[in-house]
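A quick write-up on the structure given underneath.
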Amino acid sequence: EKGAMAASASSPPLRFLEIPSAPDVSFWARLAELKLNEYKLSEDPIPVIGHYRGNVHDGLAAPLTLTSASFDVETTYENQIQVEGEVILLNTLEKMKTFDRKSASWASARKIGADILAGDCGRRPSKLNRFLVVCFADLKQYTFYYWVCVPAIKAATPMLSSDSKTCEESSADADVLCKTCFDYSQSAKGQKPFWIVEENEQGSYECKDLGEWDTCSDLDKVLVAAVDMSYAKDSPGWPLRNLLFMIGATWGLKSVRVLCLREEKLGKFSATRSIVHTVDLPATEFRDVDSLIDKYQVVGWEHNARGGLGPRSVNLSSTLDPKQRAASAMELNLKLMRWRALPELEVDRLSSSKCLLLGAGTLGCAVARILQGWGCRKITFVDSGKVAFSNPVRQSLFDFTDCLSGGRPKAEAAAEALKRIFPEAD
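Numbered by this note's numbering, the letters in the sequence shown go through residues 898 to 1323 in order.
Below you can see the structure in the form of C-alpha cells.
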C-alpha cells in the first residue's frame, strides 16, 4: 500500500490539450443574417451545434468546427462528434468586456452535471460536453469579436497520469483492438465520442455503451475508449475531462485506463498513434448539482492567438465586395432605427419604392439624399436645367467640375452623384 501511495505521489498531473475553435466564414455570415432579420437586439442564448473528430495530423489538434449549418441543431455528419452549444450575441463591445463569464460557464456545467446525475450521459455520451460562444458583431465593419468556452468540471485534487503508452506498446493485439473500436464506431456512423471496451476470456474485445459499465465482470480488463482530438502523447484532448469526472463521481473507480483513439489518413483508428493512459482519479463526491459550486471549479475558456486568456476577433470585410458592404451597412442602419425607435418602419417597402423628383435643385438634391438615407434605391430626376457655377455651394449633389464646359445636365449629374454615394442606387 505504501508503494502504491508513493507511485501515485510521483505521478505527474494529467494535462489536457485545449480543443481549438474553428468558426468559418459561413458561420459568421449566417449569424450576421440572423442578427439583422431575426434576433435583432435580443441577447437570449441561441442554440447551436459544433463538431469535432479524431486527430489525424501530427502536431495539429482537431478543432471544434462551426459552420452555417451549426444553427440547424439537427445537423449531423458521419465520423463527426456532435457537441451542443449556445451563442450569446451581445449588442455592444462594452457588454462583451464586462460579460459574466463565470456565471455563464457554470450554467453550462450545471447542465452537464444534471445529465450525469440523470444517467443521460451513459445513453448519450455527447452530452458530457457543451460549448458557449460569447460574441459581439460589428456589422458596419464586418468584424466579429468572440470568446469560446468548452466547460470542464475540475476538482481541487488533480487527476494523475501513472502511465502513458501507445496502443501498440500497451497491447499485443493492438491492431485487433483498434479495428474492433473502429467497427463499433462505424455502427454508430462515427458519431459516438466515448464507449467501453471489455476483453473477454477468449482474448477478444467487445464494445459497450458507457451505461453498461456495471455489466463488466472484470474491471481490470476494461478500457474506456475516447475519440481523441489531441495530437500530444502525454496530453489527451479536452473533451475527456468531463468523462473522467463522471467515472470518478458515479462509477466509484480510483483508477481507469483510457484508450485515446486517433486516426490514420484513411479514417481508421491507428494502433501506432492511439494512446493508452492510466489515470488515477481523485476522490469525488457528487450527489446533487448544487454541490458542484461548493466543491469544484469550471475551466475551459479558450486562449487567444497570443496565448493569453482573452477573446479573438475576425475581420471578414476582405471577403465581401465593397458594394455589398455598403448595402449591408445601409440596411443595418435602417434596421437599428426600426429596432430602437420606429418598430413600424417597413424597411423592405422603402427599398422597393420608386420615387420621381420634379427638379434637381436645392430642394431636390436634399430630398434625394434624405430618401437615399431611408433606404430608397430607385430615384428618377426630371430637370431640364444645367449645373451653374452658383449651384454646388447650395445643391449637395453637384461639384465644381459639373459646371465646366457650359454645365452638365442637372438630372444626369444628380443621378450619377447618387450612384457614387451608394453604388446600388438605381
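Beta carbons are placed, not taken as given, at the ideal position from N, Cα and C, and that holds for glycine. Model, not experiment: these values are computed from the prediction.
Span separating the alpha-carbon of residue 1087 from that of residue 1205: On the sequence shown, position 190 is the one that residue 1087 refers to. On the sequence shown, position 308 is the one that residue 1205 refers to. Cα to Cα, the separation comes out at about 34 Å.
Rounded to a whole number of angstroms, what is the C-alpha to C-alpha distance between residue 1211 and residue 986? On the sequence shown, residue 1211 is found 314 positions in, with the first residue counted as 1. On the sequence shown, residue 986 is found 89 positions in, with the first residue counted as 1. Their backbone Cα atoms lie some 15 Å apart in a straight line.
Please return the same chain residues whose Cβ sits closer than 6 Å to the Cβ of residue 1179, not counting the five positions on each side in sequence. Within the sequence shown, the letter at position 282 stands for residue 1179. These residues qualify, in order along the chain: 1052, 1054.
Just curious, the beta strand (DSSP E) that residue 1196 is in, first and last residue? Against the sequence shown, residue 1196 aligns to sequence position 299. Residues 1194 to 1198.
According to DSSP, simplified to helix, strand and coil, what is residue 1073? Translated into positions along the sequence shown, residue 1073 becomes position 176. Correct three-state label for residue 1073: helix.
Quick one: what's residue 1049 bridged to in DSSP? Taking the first residue of the sequence shown as position 1, residue 1049 is located at position 152. Under the DSSP definition of a beta bridge, residue 1049 partners with 1196.
How many Å lie between residue 994 and residue 1200 at the Cα? As a first step, residue 994 is located in the sequence shown; it is residue number 97 there, counting from the start. As a first step, residue 1200 is located in the sequence shown; it is residue number 303 there, counting from the start. Their Cα atoms are separated by approximately 15 Å.
Buried versus exposed call for residue 1146 [16 or more other C-beta atoms within 10 Å across all chains shown]: As a first step, residue 1146 must be located in the sequence shown, where it is residue number 249. The residue in question, residue 1146, is buried, as its Cβ has 16 or more Cβ neighbours within 10 Å.
Would residue 1248 and residue 1274 be called neighbours here (beta carbons separated by less than 8 Å)? As a working mapping, residue 1248 is identified with position 351 in the sequence shown. As a working mapping, residue 1274 is identified with position 377 in the sequence shown. Cβ atoms of residue 1248 and residue 1274: closer than 8 Å.
What residue does the alpha helix (DSSP H) around residue 1139 start on, and which one ends it? One-based indexing of the sequence shown puts residue 1139 at position 242. Residues 1137 to 1143.
Taking C-beta to C-beta, are residue 1075 and residue 1171 nearer than 8 Å? Position 178 of the sequence shown, counted from the first residue, corresponds to residue 1075. Position 274 of the sequence shown, counted from the first residue, corresponds to residue 1171. Note that the C-beta distance between residue 1075 and residue 1171 is below 8 Å.
Start and end residues, beta strand (DSSP E) containing residue 1104: On the sequence shown, position 207 is the one that residue 1104 refers to. Counting along the chain, the unbroken beta strand (DSSP E) around residue 1104 starts and ends at 1102 to 1105.
Sequence-distant residues of its chain with Cβ nearer than 8 Å to residue 1182 (five each side left out): As a working note, residue 1182 is residue 285 in the sequence shown. Here the set comprises 1146, 1188, 1192.
Residues of its chain near residue 1038, where Cβ-Cβ distance is below 8 Å and the 5 sequence neighbours each way are ignored: Taking the sequence shown and counting its residues from 1, one reaches residue 1038 at position 141. Excluding residues within five positions, the ones whose Cβ falls inside 8 Å are 1212, 1214.
Range of the contiguous alpha helix (DSSP H) that encloses residue 1269: Along the sequence shown, read from residue 1 onward, the residue named residue 1269 stands at position 372. DSSP places residue 1269 in the uninterrupted alpha helix (DSSP H) bounded by 1259 to 1270.
Contained alpha helix (DSSP H) runs [length at least 4] in the segment 988 to 1021, N- to C-terminal order: Entirely contained in the segment 988 to 1021, the alpha helix (DSSP H) runs reaching 4 residues are, in chain order, 990 to 994, 998 to 1015, 1017 to 1020.
Own chain partners of residue 1160 with C-beta closer than 8 Å, once the 5 adjacent residues on each side are dropped: Position 263 of the sequence shown holds residue 1160. Counting only Cβ-Cβ distances below 8 Å, and skipping sequence neighbours, we find 950, 951, 952, 953, 1166, 1167, 1170.
With C-beta atoms as the reference, is residue 1095 less than 8 Å away from residue 1078? As a position in the sequence shown, residue 1095 is number 198, starting the count at 1. As a position in the sequence shown, residue 1078 is number 181, starting the count at 1. No, Cβ-Cβ distance for residue 1095 and residue 1078 is not below 8 Å.
Inspect the beta-carbon positions of residue 1260 and residue 1279 and report whether they are closer than 8 Å. Residue mapping note: residue 1260 aligns to position 363 of the sequence shown, counting from 1. Residue mapping note: residue 1279 aligns to position 382 of the sequence shown, counting from 1. Not a contact, by the Cβ cut-off of 8 Å.
By Cβ distance, which residues of its chain are closer than 7 Å to residue 947, with the 5 residues on each side in sequence left out? To locate residue 947, count along the sequence shown from 1; it is residue 50. Listed in chain order, the non-local C-beta contacts of residue 947 below 7 Å within the same chain comprise 961, 962, 963, 967, 980, 982, 1028, local neighbours out to five positions each way being set aside.
Quickly, what does DSSP pair residue 1324 with across the bridge? List them, please. No answer is possible for residue 1324: the residues shown for the chain start at 898 and end at 1323.
In chain order, what residues of the same chain lie with their CB nearer than 8 Å to the CB of residue 1133, ignoring the 5 residues before and after it? For this step, residue 1133 is matched to residue 236 along the sequence shown. So the list reads 911, 913, 914, 1123, 1125, 1127, 1155, 1157, 1172, 1174, once near-sequence residues are dropped.
As assigned by DSSP and simplified to three states, the class of residue 1317: For the purposes of this step, residue 1317 is taken as residue 420 along the sequence shown, with counting starting at 1. Of the three classes helix, strand and coil, the one that applies to residue 1317 here is helix, per DSSP.
Could you check where the alpha helix (DSSP H) with residue 1064 kicks off and where it finishes? Translated into the one-based positions of the sequence shown, residue 1064 becomes position 167. In the DSSP assignment, residue 1064 falls within the unbroken alpha helix (DSSP H) covering 1064 to 1067.
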